[in-house]
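These notes concern the structure reproduced below.
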Amino acid sequence: MAMQRLTIAVYPVLLWLIAKISQTISACIVTVIMIEVMSGGSEARRATPTILYILEGAALLTILANLLMGIWINQQGPAPKAFAVVNTLMAILWAAGYGFLISSTASIITLPCTTGNFTTYRGISSCRFFKVLWVFGATGL
148 MAMQRLTIAV
158 YPVLLWLIAK
168 ISQTISACIV
178 TVIMIEVMSG
188 GSEARRATPT
198 ILYILEGAAL
208 LTILANLLMG
218 IWINQQGPAP
228 KAFAVVNTLM
238 AILWAAGYGF
248 LISSTASIIT
258 LPCTTGNFTT
268 YRGISSCRFF
278 KVLWVFGATG
288 L
């Protein structure tokens with residue numbers, strides 16, 4: 148008897164794996180940067196904008212959802228309709244979080260991260276973190 152090939156999605160398996168791996172890596176990077184930005188806000192006596200917590204939540208939920216989808220596929224096989232619902236919800240969360248990130252950091256993104264614009268090392272680091280967040284937030288979306 149010939150072995151049937153597993154189809155995870157309507158896309159080729161390799162493209163699906165590349166998309167999920169890049170999405171998970173982006174979510175991990177966004178999570179680490181958001182933790183750094185949020186912990187740095189208290190040192191500088193500034194509060195982290197509450198709307199940025201949506202981006203952090205989207206990143207954490209993406210990591211969890213991709214992990215659970217991988218376990219589900221391994222144990223039960225693919226469930227395309229359920230995965231479509233989960234991916235749609237994740238896309239909505241990422242879009243909202245990324246939109247809030249863009250609106251709250253629009254003034255920073257156009258400035259170079261130099262001592263001329265930011266007087267402290269912490270300010271320069273925050274500027275760089277937000278620019279990396281823009282890139283990996285878009286990849287996660």
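Mapped onto the working numbering, the consecutive letters of the sequence shown carry residue numbers 148 to 288. Idealized CB from N, CA, C, for every residue including glycine. All figures in this text were calculated on a predicted structure; none of them were measured in a lab.
Where does leucine 214 land, buried or exposed, given buried means 16+ other C-beta within 10 angstroms?
exposed
Nearest to glycine 284 by alpha carbon, out of Met216, Ala238 and Ser186?
Ala238
Confirm, please, whether the CB-CB distance from leucine 199 to phenylalanine 276 is below 8 Å.
no
Could you say if the stretch 156-174 and the stretch 205-223 meet the contact criterion of at least three C-beta pairs nearer than 8 Å?
yes
For serine 273 and methionine 216, the rounded distance between their alpha carbons
33 Å
Can you list, in chain order, the residues of its chain with a C-beta nearer than 6 Å to that of proline 259? Leave out the 5 residues immediately preceding and following it.
none
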